[in-house]
Amino acid sequence: MEKLFVYTDARAQNDPGEAGIGIAITDKDGNAIEEIARLIGRATSRIARYRALIEGARAALAYSPQSVIFFSNDQHLVNHLNGVFATREPHLKHLLEIARGILENFPQWRVNFIDQNVNQQASHLVEQAFHDNARAKMSREHLELRLLARVATLDDARLEQLIEFAERLEKRD
Numbered sequence: 013m014e015k016l017f018v019y020t021d022a023r024a025q026n027d028p029g030e031a032g033i034g035i036a037i038t039d040k041d042g043n044a045i046e047e048i049a050r051l052i053g054r055a056t057s058r059i060a061r062y063r064a065l066i067e068g069a070r071a072a073l074a075y076s077p078q079s080v081i082f083f084s085n086d087q088h089l090v091n092h093l094n095g096v097f098a099t100r101e102p103h104l105k106h107l108l109e110i111a112r113g114i115l116e117n118f119p120q121w122r123v124n125f126i127d128q129n130v131n132q133q134a135s136h137l138v139e140q141a142f143h144d145n146a147r148a149k150m151s152r153e154h155l156e157l158r159l160l161a162r163v164a165t166l167d168d169a170r171l172e173q174l175i176e177f178a179e180r181l182e183k184r185d
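Residues in the sequence shown are numbered consecutively from 13, following our numbering.
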C-alpha cells in the first residue's frame, strides 16, 4: 500500500479512569482499511491518546505503506512527536520513545493536529469501545442473575454437585 491515513482518539472516564481508544485507518481515497475500538484499562486521557497513536502505528505497519499520515486532536502529543517541544513527564517520555521507535519503521511519516470536530470517526470508535464494554457487562450480569435464580431452586444434593462441577471447571483453566 502506498499511503495510509491513521486517525486516532482516546479518552478516560473521570480522567484518570477507564480509558478507551479509537483508530480509523483509511487509504488515500478515504476507504476504510481497519477500525479499532477498545478499552485499554485505567489511564489518563493523555496516556490513552499516546496509546491510541502507538496502536494505530502498529496496525498500519501490517500494510507496509510507503507513507503514513497520523492525525490526533491532542496538540501536545503532536508537538512532542514532531519535536516541537520536549515532554518533562517520565511516563510520557517512555510512551514517546515507543511511538518514535514504531514510526521509524515507516519510510515516510508525519503526525498532524486535527480538530476534534473533524476527527469524528476516531471519536465515534472510542465511544463504541465504551458502549461495547457496557453491553458485555450487562450480558454478564444477566447471566449471573439467571444462574442465581436456578441455584436458589436446587436441593442440597444438587447444590453439592454444582459446586463439584464448578471446581472441575476451575481446574481446567
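Glycine included, every Cβ here is placed at the ideal spot set by N, Cα and C.
Quantities reported herein were computed from a predicted structural model and do not represent experimental measurements.
Could you tell me how far apart the beta carbons of residue i and residue j are, in whole angstroms, since I believe they sit closer than 8 Å?
i	j	result
residue 60	residue 33	6 Å
residue 67	residue 48	6 Å
residue 161	residue 115	Rounded, the Cβ-Cβ distance is 53 Å, inconsistent with contact.
residue 9	residue 15	Residue 9 is absent from the model: the chain starts at 13 and stops at 185.
residue 54	residue 86	In fact, because the Cβ distance is near 18 Å, the residues do not count as touching under 8 Å.
residue 56	residue 27	6 Å
For residue i, does the three-state DSSP call read helix, strand or coil?
i	result
residue 176	helix
residue 52	strand
residue 142	helix
residue 100	coil
residue 90	helix
Taking C-alpha atoms, which residue in the options lies nearest to residue i?
i	options	result
residue 140	30, 51, 17 and 73	51
residue 108	63, 145, 118 and 137	63
residue 42	23, 65 and 17	17
Ordered along the chain, which non-local residues of its own chain (more than five positions away) have a Cβ less than 7 Å from that of residue i?
i	result
residue 133	19 and 36
residue 184	none
Between which residues of its own chain and residue i is the CB-CB distance below 8 Å, once the five residues before and five after are set aside?
i	result
residue 112	93
residue 76	13
Between which two residues does the beta strand (DSSP E) holding residue i run?
i	result
residue 35	29 to 39
residue 126	Per DSSP, residue 126 belongs to no beta strand (DSSP E) and is neither H nor E.
If you follow the alpha helix (DSSP H) that residue i is in, where does it begin and where does it stop?
i	result
residue 57	57 to 73
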